[in-house]
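Chains as they are written, first to last, in UniProt numbering: chain Y, 1 to 191; chain E, 1 to 191.
Following this line, the structure appears as structure tokens:
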């Protein structure tokens, strides 16, 4: 709980009473590894803040190939934003990769909170903007950088994930096959 | 001016006085086609709302190849968000593709406005979230869809741009060479 309140207070002030009010609108849940929090084809109504553990979001394309969109570990939010904002069924699965504890904020509670604590608009605006910048950079990297360069950036940016995430899932995030990834890593180690 | 106020009011209420206050913090500028609003390597301090005309943002990779990140026409905002939010020099150029009129909101004025009209937090939060969803979809498309499918989606989503944007720039947005794009279009027309 405290990690989420501290995260909010980095961007937007909250008094102890306001923090308590915020938490009243949330729910804490524990999931075993390999639990599915959100299914493709259903409407996503919740956002998850990870307090411990590791989660991924992914989709399965027409050729039944999995593509990983995001990983999220302690201190990150994750959701299917398209589905959450549009109210339409989404394409993403959200699944735990480790035993995980999350704070759940439902869309309905979030809208209530915007009325009761308008300073949360600022917090979620800054979150969305930061996430936008990260997406933009990843998009530019996918368009113009080699798989090797993308892997190097991943290692630099998320050093803690390298040890926690299976290799084939890092390959999928970077956008290469597990075979290509394994060859590429071998070549990089021999350099 | 009115188009911007209407755009804000779609998401967040503004009284006539508040709308007037908002506009006091902005500036209107006209640019000829091929004008550069933002140079890579400099810090971006402004966001542009297009009232008429057409603008693109692009970057040039290490192999001196241009990649188009965004187009923006009437009713869209454009900026180098990484540079704007971080205060660091950006990688993007922003250039007009037609004679263009923009409403300029500087970062400094925007921060002042958040204090004077806190409901703008909501407006810019929703803008950032919508943009995030669009980026996420484009990222997923780049990872898992063919160039043909990406072009079809572009045509469906931005029918007005097809007539206005030179083909080689649409190719760059989709992530293919002009030669590949021209062959692909020929094949699609013969279908």
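Quick reminder that beta carbons are idealized off the backbone N, C-alpha and C, glycines included.
Nearest to residue 81 of chain E by alpha-carbon distance, out of E/52, E/132, E/117, is E/132. In the structure shown, residue 64 of chain Y adopts coil according to DSSP, grouped into three states. Residue contact check for residue 6 of chain E against chain Y: no CB pair falls below 8 Å.
Residues 44, 80, 94 of the same chain have their beta carbon placed closer than 6 Å to that of residue 38 of chain E, with the five preceding and five following residues left out of the count. In this structure residue 47 of chain Y is in contact with residue 77 of chain Y, their Cβ atoms being roughly 6 Å apart against a cut-off of 8 Å.
Under a 10 Å Cβ-count criterion, residue 143 of chain Y is classified as buried, with 16 or more other Cβ atoms of the shown protein chains found around its own Cβ. Only buried fits residue 175 of chain Y, as 16 or more other CB atoms lie within 10 angstroms of its CB. Against chain E, the CB of residue 109 of chain Y has no partner CB under 8 Å away; the residue lies outside that interface. Judged by beta-carbon spacing, residue 188 of chain Y lies beyond the 8 Å limit of residue 147 of chain Y, meaning their Cβ atoms are not closer than that value. Pairing residue 169 of chain Y with residue 163 of chain E, the inter-Cα distance amounts to about 41 Å.
For residue 128 of chain Y, the nearest beta carbon of chain E is closer than 8 Å to its own beta carbon.
By the criterion of a C-beta distance shorter than 8 Å, residue 73 of chain E is surrounded in its chain by 50, 53, 54, 55, 160, 161, 164, once the five residues flanking it on both sides are discounted. With the criterion set as a beta carbon lying under 8 Å from some beta carbon of chain Y, the members of the stretch 152-176 of chain E are 175, in sequence order. If you keep only unbroken alpha helix (DSSP H) runs of at least 4 residues inside the UniProt domain "Cyclic nucleotide-binding" (29-111) of chain Y, you get 81-86.
By the rule that beta-carbons nearer than 8 Å mark a contact, residue 116 of chain E does not touch chain Y.
Distances from the alpha-carbon of residue 167 of chain E to those of E/137, E/107, E/97 put E/97 closest.
When C-alpha distances from residue 87 of chain E are compared across E/120, E/130, E/41, E/32, the shortest belongs to E/41. The C-beta separation of residue 124 of chain E from residue 125 of chain Y comes to about 5 Å, placing the pair in contact by the 8 Å criterion. Judged by DSSP secondary structure, residue 186 of chain E falls within the alpha helix (DSSP H) whose first and last residues are 178-190. Burial is judged here by how many other beta carbons sit within 10 angstroms of a residue's own beta carbon; residue 115 of chain Y has fewer than 16 and is exposed. Residue 184 of chain Y has a beta carbon lying at 8 Å or more from every beta carbon in chain E.
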